[in-house]
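Scroll down for the structure; my scribbles are underneath it.
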Amino acid sequence: MNGFRRIGILRAAPGFTMLLFLAPVGAGLIGTWLPAFGIFPALGGDEFSLAGWRELFAYPGLGSALRLTLVSGLLSTFLSLALVIGFVASCGERKSFQALRRLIAPLLAVPHVAVAIGLAFLIAPSGWLVRLVSPWPSGWDTPPDIATVQDPYGFALTLGLVVKEMPFLFLMTLAALHQTQADRRLAIARSLGYGPVTAWIKTVLPAIYPQIRLPIYAVLAFSLSVVDMALILAPTTPPPLAVLVLRWFNDPDLSMRFVAAACASLQFGIVAAAIGSWRLLEILVAKLARSWLTDGRRGGSGGALAPLFGLAAGAICGLGAMSILGMAVWSIARRWRYPDILPSAISLDSWMRQGSSILNAGLNTLSIGLAAAAIATILVVACLENERRQRVPSNGRAIWLLYAPLLVPQIGFLFGTQVLAVHLNLDGTWLALVWTHLLFVLPYVFLSLSDSYRNLDERYVRSALCLGASPGRVFWRVKLPMLLRPVLYAMAIGFAVSVAQYLPTLFAGGGRYVTLTTEAVSLAAGANRRVAGVFALLQALMPMIAFALAIGIPALLYRHRRGLRGIA
Amino acid sequence: MSQSRDGARDEARDRARDGSKGRSEARSSLALRGVSLAIAGRPLIAPLDLDVNGGEIVTLMGPSGSGKSSILACVCGTLDPIFDTTGKIFINGQDMTGFPPERRRAGILFQDDLLFPHLSVGENLAFGLPRRIKSRQERDARINQALVEADLEGFARRDPATLSGGQRARVALMRTLLSEPRALLLDEPFSKLDVHLRERVRRFVFDHARAEGLPTLLVTHDPEDAAATGERVVEVQPAMVDNSPASRPPQKNHEISTVDHREVGIIKKLSL
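First to last, the protein sequences are chains A and B. Quick note, the numbering used here runs 1429 ahead of the 1-based positions in the first sequence. Quick note, the numbering used here runs 483 ahead of the 1-based positions in the second sequence.
What follows is the structure, given as structure tokens:
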């Protein structure tokens, strides 16, 4: 067995990986909590004090900010989940299911900011949706005077979050369906006389829910603390809590850092409480539903639900697709007056004039994204290969650690991480940026790759070993080539995640690094839709190109290898 | 890399060279001495003693779940460490216990051909060919020769996925033989083939194993396979689950001597 355990580097991989990405989160949380209680030596805070909290609670807009955060965060998570469950349960066997499935993967690749900018234009009073019905039949000769974007209730933000989070939960649900052999469960229940929707909810949902639980919590945490989308879609006076935190951290009055830290800690508490309450609700629903599961009620054909959920899910995806299309059109529009549906004159001026800043932001985005995705993929492969060679069974606790950076709100620890970076003399460096992005890239790369890696038929490896190949040679010549497609796909996901990062870029970059995302957000605040369109479109295009390459390269290399098509 | 490890590797290479040279002269052999398996403290099979001479095909029979395949994995060194093993494994009189699989050089064939789907037929064969053969021409020549032997001349650039089941099985065997194994392990390699193919592939494999003088261990639950060898059959005994092991004499695996077609019926009953 010594041959299996030879490589020390490989054995250190899981520990190193955990340290690399849990240490900044842990240190970041502590580095945020201490200033919240007055301790921040750099600003002369040497002793315990509740001044930050007092000032926070004295802030007049805190109540509305809190309400805004809770409504948009909870409502969007609930709606996304309800839509996914309703759609999969009622349309799982229909053609619309497959159609939407194909539409959703590219939508997932589009960064939040691009969706938000696109959506803002789409639903604005002078936006595409209003133009489609104006001047006839709506009778609006001028844009109607309603606040559809940045509305005081946070509905625009909620909608934006649903457009972005529904595809994610849908994809996670698909993966879970695959793992639980849902079609067989469903077939049995159907043969026992259950209607399709009831059969799905009674036999499939209880099996897949535990598998999508962590993704749901991640969505909840994200939605409750989102900053980039909120900057574009949420009201500004007051904004949601997370935006307040960012505003105070950036306040020229340095003493506001204490208030910001307190608010960031409050944000963390809110997310923790929300996840805890959601868990309690799960237990309650499971208890109440117990008798319903076995009461023998078969349910109807679900005929009315299918079109309802099909339409709703289709509409959400349609909004996402139209957002991107709208940005593309804006980016080449020269004259586009209300209520014209299409621009009356087009030009590439917006692209040309932005040439140098596109190049600068684009190259930063590319280099950071590629580095973070490559490092994450190498670490994940090393961990998985080590797991295989040591034959450690994958346990449930590790996955929780992996999700940690996704469950802890970014705004709740990035300030502390930045303080850590300052101490390490890394603040505002390219390395710090890559490292910070890695915290969010790594979990997704792992989630994307682990199943394919673990499911590779171990007998291929055994055959190769028995043919006299060393474990290293087996890895490079057999495993990696056979897993090329999932490995590249995981890398593309990692790249897409990195491209989308706003807050980490802002904090770790110290304002010195401009990416397509940070540029798009700051442009969205201005009135120039054309330039914002250029950056939002580029930001959406980059991950899509990455995905196209990840699918295209193996397809090209293995075009004469039919046997590899099944391995994904 | 430590000095001793390099030394060990050189030694292995020398052995490999000797082995391939001497195969036709000195007969190779495979021996199991008191090999037993247990999982989580629960014994799986009773200690097994077995000697297989070069060119001999010994069949291990037993119901599914009896641990037959695990014995093969134990011989070639790929057994999952959750199993506790005892006993020793000798190939050509050399104790291989604890060696990593790539140094044991025990070729194995599974139910599925497991041709690497990313490599062509020829590349699959090249994967098996030892690194010792360096020149491109010689490697190609060896591969072509193997293809001719498998009746697959000109198939080198083909995608393995486009081959028929029988063709793939033959390529899989040639890949293993090209790796110059010192023993051959067959893990129900015929069970997924059609009935009419099974007979032909079986003969192909057995003929080659005998011609190469390889000690061969066949695991199967199909009495036809056992009968086709016309050689020794060993019934794998599950270990007794007994709370007081001292109360009974230790059970040993027993051998059924040479069988022929007439005895198939009896074996069928046994394997039920």
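Backbone N, C-alpha and C fix where the C-beta goes; we use that ideal spot for every residue, glycine too.
Taking the alpha-carbon positions, what's the residue i to residue j distance?
{"i": "Lys1716 (chain A)", "j": "Thr569 (chain B)", "result": "49 Å"}
{"i": "Gly1457 (chain A)", "j": "Ser1694 (chain A)", "result": "11 Å"}
{"i": "Leu562 (chain B)", "j": "Ile528 (chain B)", "result": "14 Å"}
{"i": "Ser519 (chain B)", "j": "Ser549 (chain B)", "result": "12 Å"}
{"i": "Tyr1832 (chain A)", "j": "Pro1872 (chain A)", "result": "6 Å"}
{"i": "Pro1972 (chain A)", "j": "Leu1600 (chain A)", "result": "17 Å"}
{"i": "Arg1817 (chain A)", "j": "Asn607 (chain B)", "result": "23 Å"}
{"i": "Ser487 (chain B)", "j": "Arg658 (chain B)", "result": "Confidence is the limiting factor: at Ser487 (chain B) the pLDDT is only 43, short of 50, which leaves the residue's position unreliable, though a coordinate-based value still follows. Distance between the alpha carbons of Ser487 (chain B) and Arg658 (chain B) is about 31 Å."}
{"i": "Ile572 (chain B)", "j": "Ala514 (chain B)", "result": "6 Å"}
{"i": "His601 (chain B)", "j": "Gly1728 (chain A)", "result": "48 Å"}
{"i": "Asp595 (chain B)", "j": "Thr542 (chain B)", "result": "19 Å"}
{"i": "Phe1924 (chain A)", "j": "Val1851 (chain A)", "result": "26 Å"}
{"i": "Glu632 (chain B)", "j": "Phe638 (chain B)", "result": "12 Å"}
{"i": "Asp670 (chain B)", "j": "Leu1529 (chain A)", "result": "44 Å"}
{"i": "Ala1701 (chain A)", "j": "Val1809 (chain A)", "result": "27 Å"}
{"i": "Ala1549 (chain A)", "j": "Trp1765 (chain A)", "result": "16 Å"}
{"i": "Pro1772 (chain A)", "j": "Leu1966 (chain A)", "result": "17 Å"}
{"i": "Ala655 (chain B)", "j": "Pro643 (chain B)", "result": "10 Å"}
{"i": "Arg1763 (chain A)", "j": "Gly1962 (chain A)", "result": "12 Å"}
{"i": "Thr1723 (chain A)", "j": "Ala1604 (chain A)", "result": "27 Å"}
Compare the C-alpha of residue i against each of the options and name the closest.
{"i": "Pro1453 (chain A)", "options": "A:Glu1948, A:Asn1957 and A:Pro1933", "result": "A:Pro1933"}
{"i": "Phe1450 (chain A)", "options": "A:Ala1774, A:Thr1944 and A:Leu1843", "result": "A:Leu1843"}
{"i": "Gln1610 (chain A)", "options": "A:Ala1585, A:Ile1637, A:Thr1627 and A:Leu1588", "result": "A:Ile1637"}
{"i": "Gln1847 (chain A)", "options": "A:His1866, A:Leu1831, A:Leu1830 and A:Leu1836", "result": "A:His1866"}
{"i": "Ala1921 (chain A)", "options": "A:Met1601, A:Val1758, A:Phe1976 and A:Pro1470", "result": "A:Phe1976"}
{"i": "Ser1877 (chain A)", "options": "A:Arg1906, A:Arg1891, A:Tyr1918 and A:Ala1703", "result": "A:Tyr1918"}
{"i": "Cys1692 (chain A)", "options": "A:Leu1748, A:Leu1683, A:Ala1671 and A:Leu1709", "result": "A:Ala1671"}
{"i": "Trp1759 (chain A)", "options": "A:Leu1551, A:Leu1662, A:Ile1575 and A:Pro1681", "result": "A:Leu1551"}
{"i": "Asp534 (chain B)", "options": "B:Leu700, B:Ala710 and B:Ala629", "result": "B:Leu700"}
{"i": "Met1970 (chain A)", "options": "A:Val1539, A:Val1655 and A:Ile1468", "result": "One detail in the question is off: residue 1970 (chain A) reads as Leu in this sequence, not Met. Taking only the C-alpha atoms, the option nearest Leu1970 (chain A) is A:Val1539."}
{"i": "Phe689 (chain B)", "options": "B:Ala722, B:Asp532 and B:Pro672", "result": "B:Pro672"}
{"i": "Ala1616 (chain A)", "options": "A:Pro1470, A:Glu1522, A:Pro1635 and A:Arg1676", "result": "A:Glu1522"}
{"i": "Phe593 (chain B)", "options": "A:Tyr1942, A:Gly1981, A:Tyr1889 and A:Val1928", "result": "A:Tyr1889"}
{"i": "Ile1753 (chain A)", "options": "A:Ala1543, A:Trp1707 and A:Ile1641", "result": "A:Ala1543"}
Taking the continuous alpha helix (DSSP H) assigned at residue i, which residues delimit it?
{"i": "Lys1593 (chain A)", "result": "Phe1584 to Gln1608"}
{"i": "Ala1790 (chain A)", "result": "Gly1784 to Gln1819"}
{"i": "Arg1708 (chain A)", "result": "Met1685 to Leu1722"}
{"i": "Thr1446 (chain A)", "result": "Gly1437 to Ala1465"}
{"i": "Arg2005 (chain A)", "result": "Lying before the first or after the last residue shown, residue 2005 (chain A) is absent from chain A, which here runs from 1430 to 1997."}
{"i": "Val1674 (chain A)", "result": "Leu1670 to Phe1678"}
{"i": "Thr1632 (chain A)", "result": "Counting along the chain, Thr1632 (chain A) falls outside any alpha helix (DSSP H), and DSSP gives it neither H nor E."}
{"i": "Val1960 (chain A)", "result": "Arg1958 to Leu1986"}
{"i": "Tyr1873 (chain A)", "result": "Trp1859 to Asn1884"}
{"i": "Asn627 (chain B)", "result": "Arg619 to Glu632"}
{"i": "Ser1525 (chain A)", "result": "Lys1524 to Ala1538"}
{"i": "Gly1841 (chain A)", "result": "Gln1839 to His1852"}
May I ask which residues mark the beginning and end of the beta strand (DSSP E) holding residue i?
{"i": "Ile574 (chain B)", "result": "Phe566 to Ile574"}
{"i": "Asn536 (chain B)", "result": "Arg525 to Asn536"}
{"i": "Glu718 (chain B)", "result": "Val716 to Glu718"}
{"i": "Met544 (chain B)", "result": "Ile540 to Met544"}
{"i": "Pro591 (chain B)", "result": "According to the sequence provided, residue 591 (chain B) is Ile. The question's Pro does not apply to it. Here the beta strand (DSSP E) through Ile591 (chain B) covers Ala589 to Leu592."}
{"i": "Val1891 (chain A)", "result": "Note that residue 1891 (chain A) is Arg in the sequence shown here, rather than Val. Unbroken run through Arg1891 (chain A) is the alpha helix (DSSP H), Glu1887 to Cys1895; no beta strand (DSSP E)."}
{"i": "Leu669 (chain B)", "result": "Ala666 to Asp670"}
{"i": "Thr659 (chain B)", "result": "Per DSSP, Thr659 (chain B) belongs to no beta strand (DSSP E); it is in the alpha helix (DSSP H), Gly648 to Leu661."}
{"i": "Val518 (chain B)", "result": "Ser512 to Ile522"}
{"i": "Thr703 (chain B)", "result": "Thr699 to Thr703"}
{"i": "Ala1762 (chain A)", "result": "Ala1762 to Arg1764"}
Is any heavy atom in the ligand HEM found nearer than 7 Å to the beta carbon of residue i?
{"i": "Arg1990 (chain A)", "result": "Only the bare structure without any ligand can be found here, which leaves the ligand HEM out of the picture."}
Margin query: Under 8 Å, with one C-beta from each stretch per pair, do the segment 1468 to 1479 of chain A and the segment 1685 to 1700 of chain A reach the 3-pair mark?
Written below: Three or more pairs of CB atoms, one per stretch, sit closer than 8 Å, so the segment 1468 to 1479 of chain A contacts the segment 1685 to 1700 of chain A.
Next item on the list: Pull out every residue of the segment 563 to 593 of chain B whose Cβ sits closer than 8 Å to any Cβ of chain E, in chain order.
Entry: No chain E is present in this structure, whose protein chains are A and B.
Next item on the list: For the segment 1915 to 1943 of chain A, list the alpha helix (DSSP H) runs that are entirely contained and at least 4 residues long, ordered along the chain.
Entry: 1932 to 1938
Next item on the list: Mind the definition here: the segment 609 to 617 of chain B touches the segment 690 to 710 of chain B only if three or more C-beta pairs lie below 8 Å; say whether that holds.
Entry: no
Checklist line | Cβ contact (3+ pairs, closer than 8 Å) linking the segment 579 to 592 of chain B and the segment 1888 to 1902 of chain A | finding: yes
Margin query: Quick test of the definition: if touching needs 3 or more C-beta pairs under 8 Å, does the segment 672 to 684 of chain B touch the segment 1896 to 1913 of chain A?
Written below: no
Check: What are the start and end residues of each continuous alpha helix (DSSP H) run of 4 or more residues lying completely inside the segment 1542 to 1578 of chain A, in chain order?
Finding: Entirely contained in the segment 1542 to 1578 of chain A, the alpha helix (DSSP H) runs reaching 4 residues are, in chain order, 1557 to 1561.
Checklist line | Contact between the segment 1648 to 1668 of chain A and the segment 1584 to 1598 of chain A (3+ Cβ pairs under 8 Å) | finding: yes
Margin query: Would you call the segment 1575 to 1583 of chain A in contact with the segment 1485 to 1501 of chain A, where contact means no fewer than 3 C-beta pairs closer than 8 Å?
Written below: yes
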